[in-house]
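Enquirer:
Number of protein chains: 2
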Amino acid sequence: MHRRAGGKIPVTLKDVAREAEVSNTTVSRVLTGKVSPVMISESTRQRVLETAARLGYRPNLMARGLRTQRSGTIGVLVADITDPFSAALIPAIAAVFAARGYQFVLSHAMSDSLSGREFEPLLGSWVDGVLVLGDRVLGREAEADLLKHYHHVVGVARTRDNTMIPSVNVDDTHGIRLAIEHLLALGHRQIAFVGNRLSWDMDRRLDVFLSEMAERGLSVPPEAIALGPHSAAGGYAAATRLMDANVKPTAFLCAADLLAVGVLCALQEAGWRVPQVLSVVGFDDIPQAAYTSPPLTTVRQPVAELARTAATLLLDSIEGETEQESSNELRSDAAPLAGSPQDVRKVLLTPTLVVRRSTTSVHLCGSDCDHNVSSG
Amino acid sequence: MHRRAGGKIPVTLKDVAREAEVSNTTVSRVLTGKVSPVMISESTRQRVLETAARLGYRPNLMARGLRTQRSGTIGVLVADITDPFSAALIPAIAAVFAARGYQFVLSHAMSDSLSGREFEPLLGSWVDGVLVLGDRVLGREAEADLLKHYHHVVGVARTRDNTMIPSVNVDDTHGIRLAIEHLLALGHRQIAFVGNRLSWDMDRRLDVFLSEMAERGLSVPPEAIALGPHSAAGGYAAATRLMDANVKPTAFLCAADLLAVGVLCALQEAGWRVPQVLSVVGFDDIPQAAYTSPPLTTVRQPVAELARTAATLLLDSIEGETEQESSNELRSDAAPLAGSPQDVRKVLLTPTLVVRRSTTSVHLCGSDCDHNVSSG
DNA sequence: CTGTTAGCGCTTTCAA
DNA sequence: TTGAAAGCGCTAACAG
Numbered sequence: 003m004h005r006r007a008g009g010k011i012p013v014t015l016k017d018v019a020r021e022a023e024v025s026n027t028t029v030s031r032v033l034t035g036k037v038s039p040v041m042i043s044e045s046t047r048q049r050v051l052e053t054a055a056r057l058g059y060r061p062n063l064m065a066r067g068l069r070t071q072r073s074g075t076i077g078v079l080v081a082d083i084t085d086p087f088s089a090a091l092i093p094a095i096a097a098v099f100a101a102r103g104y105q106f107v108l109s110h111a112m113s114d115s116l117s118g119r120e121f122e123p124l125l126g127s128w129v130d131g132v133l134v135l136g137d138r139v140l141g142r143e144a145e146a147d148l149l150k151h152y153h154h155v156v157g158v159a160r161t162r163d164n165t166m167i168p169s170v171n172v173d174d175t176h177g178i179r180l181a182i183e184h185l186l187a188l189g190h191r192q193i194a195f196v197g198n199r200l201s202w203d204m205d206r207r208l209d210v211f212l213s214e215m216a217e218r219g220l221s222v223p224p225e226a227i228a229l230g231p232h233s234a235a236g237g238y239a240a241a242t243r244l245m246d247a248n249v250k251p252t253a254f255l256c257a258a259d260l261l262a263v264g265v266l267c268a269l270q271e272a273g274w275r276v277p278q279v280l281s282v283v284g285f286d287d288i289p290q291a292a293y294t295s296p297p298l299t300t301v302r303q304p305v306a307e308l309a310r311t312a313a314t315l316l317l318d319s320i321e322g323e324t325e326q327e328s329s330n331e332l333r334s335d336a337a338p339l340a341g342s343p344q345d346v347r348k349v350l351l352t353p354t355l356v357v358r359r360s361t362t363s364v365h366l367c368g369s370d371c372d373h374n375v376s377s378g
Numbered sequence: 003m004h005r006r007a008g009g010k011i012p013v014t015l016k017d018v019a020r021e022a023e024v025s026n027t028t029v030s031r032v033l034t035g036k037v038s039p040v041m042i043s044e045s046t047r048q049r050v051l052e053t054a055a056r057l058g059y060r061p062n063l064m065a066r067g068l069r070t071q072r073s074g075t076i077g078v079l080v081a082d083i084t085d086p087f088s089a090a091l092i093p094a095i096a097a098v099f100a101a102r103g104y105q106f107v108l109s110h111a112m113s114d115s116l117s118g119r120e121f122e123p124l125l126g127s128w129v130d131g132v133l134v135l136g137d138r139v140l141g142r143e144a145e146a147d148l149l150k151h152y153h154h155v156v157g158v159a160r161t162r163d164n165t166m167i168p169s170v171n172v173d174d175t176h177g178i179r180l181a182i183e184h185l186l187a188l189g190h191r192q193i194a195f196v197g198n199r200l201s202w203d204m205d206r207r208l209d210v211f212l213s214e215m216a217e218r219g220l221s222v223p224p225e226a227i228a229l230g231p232h233s234a235a236g237g238y239a240a241a242t243r244l245m246d247a248n249v250k251p252t253a254f255l256c257a258a259d260l261l262a263v264g265v266l267c268a269l270q271e272a273g274w275r276v277p278q279v280l281s282v283v284g285f286d287d288i289p290q291a292a293y294t295s296p297p298l299t300t301v302r303q304p305v306a307e308l309a310r311t312a313a314t315l316l317l318d319s320i321e322g323e324t325e326q327e328s329s330n331e332l333r334s335d336a337a338p339l340a341g342s343p344q345d346v347r348k349v350l351l352t353p354t355l356v357v358r359r360s361t362t363s364v365h366l367c368g369s370d371c372d373h374n375v376s377s378g
């Protein structure tokens with residue numbers, strides 16, 4: 003008698019069949035619920051169901067997968083689960099997957115310099131599709147590599163626009179615009195930018211910021227821009243640099259809340275009070291953003307909707323293939339991999355501005371406004 | 003010709019065999035690297051290896067798993083990946099798993115009221131073992147249920163001492179003691195406690211706090227204790243209650259950094275400056291703890307070591323079974339499931355105190371110390 | 001409506 | 001040192 007590695011007594015489909023006095027086929031048919039072509043008498047159906055439950059039968063997913071050529075498992079690629087925004091996407095994604103009978107395996111990598119190879123072990127040939135979370139994962143070549151292996155790949159929070167992966171994102175342009183207009187309405191004109199330094203790509207939000215500012219006739223000197231790694235430490239360092247620089251912004255616009263957390267910390271340590279001396283705006287609206295000191299005004303990404311949309315897109319794509327052998331639902335062109343980035347399907351969701359306490363009117367800043375005296 | 007659900011052209015072992023002009027058996031033997039019983043000529047070995055590489059062969063894990071009765075996959079149960087402390091464990095866990103050739107599937111559940119059933123879909127009969135992260139997951143019955151299905155289960159950050167699951171934890175008693183002694187050394191005598199309200203269990207750290215305080219002859223009135231859900235919001239609410247209460251603590255001890263984040267926010271909104279008016283100590287040392295305003299003094303859990311130890315324990319347990327059919331390495335008694343909680347193996351790691359800016363000597367607090375005038 | 005049969009891709013006795 | 005063959009547990013033609 004066999005003993006499964008991780009379990010105890012394995013009850014197989016055959017056991018159920020014997021006990022219920024029907025064939026394996028019947029049991030299989032009842033349990034998979036595929037009654038389309040053939041019908042099953044209500045009596046046997048009940049008997050099978052009852053027996054399976056009584057025996058505590060759990061289908062062996064590996065056997066099923068081997069047979070059906072699908073695992074019911076999705077690979078989720080994430081650069082760093084420790085990033086609150088990435089983490090925030092998981093529950094909603096998991097919910098969609100669970101509702102549709104899928105599981106997921108999480109492929110995690112701490113390094114920012116990911117070659118596709120680093121994901122190999124996880125993508126060991128048996129996931130039905132891949133969901134890629136965030137920008138800081140998969141460079142161009144790695145991306146191409148991934149697409150070579152898997153038909154069904156969808157990205158979320160994947161801002162880069164030269165990606166070949168169909169993806170669902172927040173509308174960065176609109177988000178940055180919301181932030182800028184909020185600041186402008188409060189009288190701010192000198193706005194500094196704290197952004198992410200990505201490995202393969204510039205920070206898209208920075209581009210948007212620059213062009214939106216230019217469009218409004220506001221110039222942004224290079225010294226008013228500080229880039230750093232995506233972390234509170236990165237934000238802290240960037241803010242420190244900005245405070246030392248020869249610019250006197252009245253507001254900081256951060257490309258991510260995580261950066262803003264570091265910025266806030268650096269500012270308060272230096273004695274620059276927020277928002278009295280300086281206004282700070284974030285981007286993402288991670289859970290902690292509501293509990294910084296002061297609570298952060300930020301551009302909210304519709305996290306749950308983002309996650310749901312992406313997961314649904316991916317699953318639809320996977321299941322679509324079943325019906326018509328090899329549809330290319332996610333690509334507008336027929337030839338696989340032949341399209342240029344513009345041909346790749348993109349979904350854009352709309353962000354909103356949530357105003358908390360880290361921003362205020364620039365006029366509130368009185369005579370003690372020339373805070374550069376207090377800076378080193 | 004078959005077309006895999008998620009992939010493109012599947013290269014099978016048979017393909018490699020044909021191409022290399024050897025039998026499947028040989029290919030399998032070379033690739034699995036099990037050369038113990040039989041030797042393989044260096045020439046064929048090289049040929050096989052080369053062909054496999056050239057063809058881009060990737061073993062089908064489902065087929066292999068079906069045959070070997072092990073999936074090489076671990077189930078990781080987590081109450082809420084959104085919790086920074088839980089998230090912080092993942093990378094180290096993932097590293098150990100990857101290094102030993104395992105993957106993991108993450109089972110996520112948002113609800114605090116978890117029956118074991120909620121994990122069923124994930125644990126669909128094929129994981130080699132289960133790693134349980136945190137306290138807020140799996141009640142007693144669910145735990146028993148899990149142990150009924152899996153031999154190999156290990157918990158991390160699972161403080162409850164009535165658990166039947168072998169687990170590796172930080173030494174809470176020592177941690178709380180560190181915090182108390184730090185506060186005491188700074189002259190604090192009135193210490194309030196902000197804790198987690200768990201579903202199945204009291205907050206163990208509260209118990210420790212109470213007994214440690216009593217041991218030092220310090221009484222803690224019930225009004226100086228506030229419990230809430232494990233979130234910044236929970237901490238915020240708890241602090242608000244504490245500020246309104248008829249007690250005048252000079253320090254808050256928080257059972258978790260996440261709570262402390264909310265506490266800090268509530269305090270600063272109410273104008274109670276930290277640490278001038280009130281000192282605050284956290285527990286966990288989540289990444290953000292270094293970037294709160296002010297940076298948080300906290301009890302650091304050795305996250306990486308915790309994760310590594312637990313993952314290693316689990317994997318050793320799984321692989322131990324292979325050698326001697328059914329060892330009960332993790333239990334001190336022979337009869338499966340028969341032991342009482344005391345029999346279950348527990349590993350305790352030592353926490354350290356990291357002093358940042360949220361605590362200060364109580365004597366620094368001058369005449370404006372009677373902050374209760376400013377409280378509603 | 002139900003059963004028989006074949007086989008997914010791999011590992012593993014057993015025999016050569 | 002290598003190969004032939006059986007079979008893990010399940011599903012999907014194809015018969016009946």
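These protein sequences, in sequence, are chains W and S.
Throughout, the numbering used here is defined as the position within the first sequence, counted from one, plus 2.
Throughout, the numbering used here is defined as the position within the second sequence, counted from one, plus 2.
C-beta: ideal position from N, C-alpha, C; glycine also.
None of these values were measured; they are calculated from a predicted model.
Mind reading off the beta-carbon distance from Ala380(S) to Leu269(S)? Whole number of angstroms is fine, and I expect it under 8 Å.
Expert: Residue 380(S) is absent from the model: chain S starts at 3 and stops at 378.
Enquirer: Put Val78(W) into one of helix, strand or coil per three-state DSSP.
Expert: The residue given as residue 78(W) occupies position 76 in the first sequence. Three-state DSSP puts Val78(W) in a strand.
Enquirer: When burial is assigned at 16 or more other CB atoms within 10 Å of the CB, is Asp174(W) buried or exposed?
Expert: One-based indexing of the first sequence puts residue 174(W) at position 172. Its Cβ being crowded by 16 or more others within 10 Å, Asp174(W) is buried.
Enquirer: Just by C-beta distance, which residues in the stretch 159–193 of chain S are closer than 7 Å to chain W?
Expert: Going along the stretch 159–193 of chain S in chain order, one finds no residue with a Cβ nearer than 7 Å to chain W.
Enquirer: Measure the beta-carbon distance from Asp73(S) to Leu135(S) and round it to whole angstroms, keeping in mind my assumption that it falls under 8 Å.
Expert: Within the second sequence, the letter at position 71 stands for residue 73(S). Within the second sequence, the letter at position 133 stands for residue 135(S). Residue 73(S) is actually Ser in this sequence, not Asp. Their Cβ separation, rounded to whole angstroms, is 20 Å, which puts Ser73(S) and Leu135(S) out of contact at 8 Å.
Enquirer: Give me the Cα-Cα distance between Val156(S) and Ser169(S), rounded to the nearest whole angstrom.
Expert: Translated into the one-based positions of the second sequence, residue 156(S) becomes position 154. Translated into the one-based positions of the second sequence, residue 169(S) becomes position 167. If I take the Cα positions, the gap works out to 5 Å.
Enquirer: Please tell me whether His232(S) has its Cβ less than 8 Å away from any Cβ of chain W.
Expert: Against the second sequence, residue 232(S) aligns to sequence position 230. Chain W contact via Cβ: absent.
Enquirer: Determine, using beta carbons only, whether Cys267(S) comes closer than 8 Å to chain W.
Expert: As a first step, residue 267(S) is located in the second sequence; it is residue number 265 there, counting from the start. Closer than 8 Å to some Cβ of chain W, the Cβ of Cys267(S) qualifies, so yes.
Enquirer: Output yes if chain W places a C-beta closer than 8 Å to the C-beta of Trp128(S); else output no.
Expert: For the purposes of this step, residue 128(S) is taken as residue 126 along the second sequence, with counting starting at 1. It does; some Cβ of chain W falls within 8 Å.
Enquirer: In the stretch 196–278 of chain S, which residue ranges form an unbroken alpha helix (DSSP H) of at least 4 residues, counting only runs that do not cross its ends?
Expert: With a minimum length of 4 residues, the continuous alpha helix (DSSP H) runs that stay inside the stretch 196–278 of chain S are 206–217, 234–246, 259–271.
Enquirer: Met64(S): buried (16+ other C-beta within 10 angstroms of its C-beta) or exposed?
Expert: For the purposes of this step, residue 64(S) is taken as residue 62 along the second sequence, with counting starting at 1. Its Cβ being crowded by 16 or more others within 10 Å, Met64(S) is buried.
Enquirer: Which residues in the same chain have their Cβ closer than 8 Å to the Cβ of Ile42(W), if we skip the five residues on either side of it in sequence?
Expert: On the first sequence, residue 42(W) is found 40 positions in, with the first residue counted as 1. Cβ neighbours of Ile42(W) beyond the five flanking positions: Thr28, Arg31, Val32.
Enquirer: For Asp286(W), which residues does DSSP report across the bridge?
Expert: What you label residue 286(W) is simply residue 284 of the first sequence in a count that begins at 1. In the DSSP output, where bridge partners are listed per residue, Asp286(W) has Arg302(W).
Enquirer: Can you list the residues of chain S that Phe106(W) reaches, using a CB-CB cut of under 8 Å?
Expert: Start at 1 with the first residue of the first sequence, and residue 106(W) comes out as number 104. Neighbours of Phe106(W) on chain S, chain order: Val107, Leu108.
Enquirer: Does the Cβ of Asp82(S) have 16 or more other Cβ atoms within 10 Å, making it buried, or fewer, making it exposed?
Expert: Along the second sequence, one-based indexing puts residue 82(S) at 80. Label assigned to Asp82(S): buried.
Enquirer: Of the residues Gly67(S), Leu57(S), Pro12(S), which one's Cα is nearest the Cα of Thr382(S)?
Expert: Any answer about residue 382(S) is impossible in this case: the structure gives chain S only from 3 up to 378.
Enquirer: Could you list which residues in chain W have their beta carbon closer than 7 Å to that of Val98(S), in chain order?
Expert: Walking along the second sequence from the start, residue 98(S) turns up at place 96. Within 7 Å Cβ-Cβ: nothing; Val98(S) doesn't reach chain W, min ~12 Å.
Enquirer: With a cut-off of 8 Å, does the C-beta of Pro304(W) fall near any C-beta of chain S?
Expert: Here the question's residue 304(W) lines up with position 302 in the first sequence. By this cut-off, Pro304(W) is not an interface position.
Enquirer: Alpha carbon to alpha carbon, how far is Arg20(S) from Ala234(W)? Give it in angstroms, no decimals.
Expert: On the first sequence, position 232 is the one that residue 234(W) refers to. On the second sequence, position 18 is the one that residue 20(S) refers to. Looking at the two C-alpha atoms, the distance is approximately 55 Å.
Enquirer: List the residues of chain S whose Cβ lies closer than 8 Å to the Cβ of Leu316(W), in chain order.
Expert: To locate residue 316(W), count along the first sequence from 1; it is residue 314. Within 8 Å Cβ-Cβ: nothing; Leu316(W) doesn't reach chain S, min ~10 Å.
Enquirer: Check the DSSP bridge columns for Phe106(S) and list the partner residues they point to.
Expert: Indexing the second sequence from 1 puts residue 106(S) at position 104. Phe106(S) pairs with Ile76(S).
Enquirer: Over what stretch of residues does the alpha helix (DSSP H) that includes Val24(W) continue unbroken?
Expert: Taking the first residue of the first sequence as position 1, residue 24(W) is located at position 22. Segment: none, Val24(W) is in no alpha helix (DSSP H) and carries neither H nor E.
Enquirer: According to a CB-to-CB cut-off of less than 8 Å, which residues of the stretch 277–309 of chain S neighbour chain W?
Expert: Correct list: Pro289, Gln290, Ala292, Tyr293, Thr294, Ser295, Pro296, Pro297.
Enquirer: Can the beta-carbon of Gly131(W) be found closer than 8 Å to that of Ile288(W)?
Expert: Counted from its first residue, the first sequence places residue 131(W) at position 129. Counted from its first residue, the first sequence places residue 288(W) at position 286. Cβ distance not < 8 Å, so Gly131(W) and Ile288(W) don't count as in contact.
Enquirer: Report the residue from Ile76(S), Leu220(S), Asp259(S) whose alpha carbon sits nearest the alpha carbon of Gly197(S).
Expert: By 1-based counting over the second sequence, the position of residue 197(S) is 195. With distances taken between Cα atoms, Gly197(S) lies closest to Asp259(S).
Enquirer: For chain S, find out if any of its Cβ atoms is closer than 8 Å to the Cβ of Leu244(W); answer yes or no.
Expert: Position 242 of the first sequence, counted from the first residue, corresponds to residue 244(W). No, Leu244(W) lies away from the interface with chain S (no Cβ there is under 8 Å from its Cβ).
Enquirer: Closer than 6 Å by C-beta to Arg243(S): which residues in its own chain qualify, once you throw out the five before and the five after it? Chain order, please.
Expert: Taking the second sequence and counting its residues from 1, the one referred to as residue 243(S) is at position 241. Within the same chain, Arg243(S) has close Cβ partners Ala228.
Enquirer: Does the beta carbon of Thr361(S) come closer than 8 Å to any beta carbon on chain W?
Expert: Indexing the second sequence from 1 puts residue 361(S) at position 359. Answer no: the Cβ-Cβ gap between Thr361(S) and chain W never drops below 8 Å.
Enquirer: Is it true that the CB of Val283(W) sits closer than 8 Å to the CB of Val276(W)?
Expert: As a first step, residue 276(W) is located in the first sequence; it is residue number 274 there, counting from the start. As a first step, residue 283(W) is located in the first sequence; it is residue number 281 there, counting from the start. Contact flag unset, no.
Enquirer: In angstroms with no decimal places, state the Cα-to-Cα distance between Gly236(S) and Asp246(S).
Expert: On the second sequence, position 234 is the one that residue 236(S) refers to. On the second sequence, position 244 is the one that residue 246(S) refers to. Near 16 Å, if we compare the C-alpha coordinates of Asp246(S) and Gly236(S).
Enquirer: Report the neighbours of Leu141(W) on chain S: residues whose CB is nearer than 7 Å to its CB, in chain order.
Expert: Along the first sequence, read from residue 1 onward, the residue named residue 141(W) stands at position 139. Per the sequence presented here, residue 141(W) reads as Gly, with Leu not at that position. By Cβ distance, chain S contributes nothing, its closest Cβ being about 20 Å from Gly141(W), past 7 Å.
Enquirer: Measure from the alpha carbon of Thr299(S) to the alpha carbon of each residue in Leu255(S), Ala312(S), Leu315(S), then state which is nearest.
Expert: As a position in the second sequence, residue 299(S) is number 297, starting the count at 1. The shortest C-alpha separation from Thr299(S) is found at Leu255(S).
Enquirer: Kindly list, in the order they appear in chain S, the residues whose Cβ is closer than 9 Å to that of Thr352(W).
Expert: Indexing the first sequence from 1 puts residue 352(W) at position 350. Within 9 Å Cβ-Cβ: nothing; Thr352(W) doesn't reach chain S, min ~23 Å.
Enquirer: Could you give the DSSP three-state label for Ile42(S): helix, strand or coil?
Expert: Along the second sequence, one-based indexing puts residue 42(S) at 40. In this structure, Ile42(S) counts as coil in the three-state DSSP scheme.
Enquirer: Kindly confirm or deny that the stretch 51–58 of chain W and the stretch 43–53 of chain S touch, where touching means at least three C-beta pairs closer than 8 Å.
Expert: Judged by Cβ distances under 8 Å, the stretch 51–58 of chain W makes no contact with the stretch 43–53 of chain S, as fewer than three pairs qualify.
Enquirer: Among Thr165(S), Ala159(S), Arg160(S), Ile182(S), whose alpha-carbon lies nearest the alpha-carbon of Asp147(S)?
Expert: Here residue 147(S) is taken as the residue at index 145 of the second sequence, counted from 1. Residue Thr165(S) is the option with its Cα nearest to Asp147(S).
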